[in-house]
Every structure is written in structure tokens, then in C-alpha cells.
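These notes are about the structure you will find just below.
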Amino acid sequence: MKLARTIGSMTLSKSHPAMANAKLRLVEVVDSIDRIDTEPLGGDTIVAWDLCGTGMGDLVALAEGPEAAQPFKPDVKPLDASIVALLDEVEL
Numbered sequence: 034m035k036l037a038r039t040i041g042s043m044t045l046s047k048s049h050p051a052m053a054n055a056k057l058r059l060v061e062v063v064d065s066i067d068r069i070d071t072e073p074l075g076g077d078t079i080v081a082w083d084l085c086g087t088g089m090g091d092l093v094a095l096a097e098g099p100e101a102a103q104p105f106k107p108d109v110k111p112l113d114a115s116i117v118a119l120l121d122e123v124e125l
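Each position in the sequence shown, counted from 1, maps to that position plus 33 in my numbering.
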């Protein structure tokens, strides 16, 4: 699981039928906890399925790989990342 911040949204003109009604967000991965309050965060930009109804600038938890599709079982979704939690604060 990674920390990321939503920086935008994405729409698809054509997609796989399993992606119908997908809310896709662009997220920037937090590359260092020291930079969590700076913009840009400095990490990779990823397209993720939004399961939490996030908005612009929200800090989120990001699941990648097979774990990203777990909430949709037994349906199969062709995705590699999903937003699984909206974070209010991070305390170390």
C-alpha cells in the first residue's frame, strides 16, 4: 500500500465493458514522508479506480497489483491500482 494525493480525474472515450461507471483519478505517489505537505509530491503519477469518492488534493491510500481488484471479486476488473482509503491525517 502506498500514500498518494489526488491531482485530477480521467474519463475514457472507449473502455473494456468491465470498466463501465468507473471513477478514475490521477494520483501522485508520495515519494518521501518529509514531502507529504509539498506540491508536487515528486512521485509517479498513476491512474487509479476511486472506491472512496475522493476530491482534488485528498491524501489517499493506494493498493496496486492483484490487491487493487480484490474489492470487485468475483467480477474481474482490468485494473492495476485502486484508491482504498481516504486519509484524514498521517502521524508518525
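Note that CB positions come from ideal geometry on N, CA and C, so glycine has one too. All of these numbers come straight from a predicted model, not from anything done at the bench.
Query raised in the report: When the Cα of E61 is compared with those of E122, A94, P50, I40, which residue comes out closest?
Result: I40
Requested in this report: Tell whether a beta-carbon distance below 8 Å holds between I79 and L125.
Outcome: no
Query raised in the report: For L95 versus A51, is the C-beta spacing smaller than 8 Å?
Result: no
Query raised in the report: Near D83, which residues of its chain fall below 6 Å by C-beta distance, leaving aside the five closest residues on each side in sequence?
Result: K56, R58, I116
Query - Beta-ladder partner(s) of A81, from DSSP - result: R58
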